[in-house]
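In the working numbering, the protein residues as written are 583 to 739. All residues carry an ideal CB built from backbone N, CA and C; glycine is no exception. Read the structure below first, then the notes.
Given below as structure tokens:
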């Protein structure tokens, strides 16, 4: 398994990761209506491609197949963090999070934040994130609860 930067042309494959993560894994914590609002089968692929190009994610590959991706914005915000629903429990998320932490340090960031699904909150907590606020954002007319989480880097000098 290795991590690299996203390449133009991989947007559809990343959509597959996103969709499977939500429909196969997050579905245990959300209703079918919430899942379909969050990750509809017919999502505007032009808008999706633009979003992925804007966030410039890191991509996790196993044997040349994309199995996860995550981004880190210059502000320290993690917009997307998804592991394929067909590849859970293989250390992909751990490697992506480690990559984001290394990137944060190299950028001189002092904190990371993200709006994290119910499903991913325990994972983020393992990496030192704390819940700041429970939220109830609306997607396509359906409330899909999440939590704003933050990790502050402590000066260890």
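The criterion of a C-beta distance shorter than 8 angstroms is not satisfied by residue 603 and residue 617. Shortest Cα-Cα distance from residue 694 to any of 700, 681 and 701 involves 681. CA-to-CA, the gap between residue 662 and residue 645 works out to about 23 angstroms.
Around the CB of residue 653, 16 or more other CB atoms lie within 10 Å, so the residue is classed as buried. The Cβ atoms of residue 641 and residue 606 lie no closer than 8 angstroms to each other. For the pair residue 631 and residue 721, the CB atoms are not nearer than the 8 angstroms cut-off. Shown here for residue 611: same chain residues with a beta carbon closer than 6 angstroms to its own, the five before and five after excluded, namely 700 and 701 in chain order. DSSP places residue 600 in the helix class (H, G or I) of the three-state scheme.
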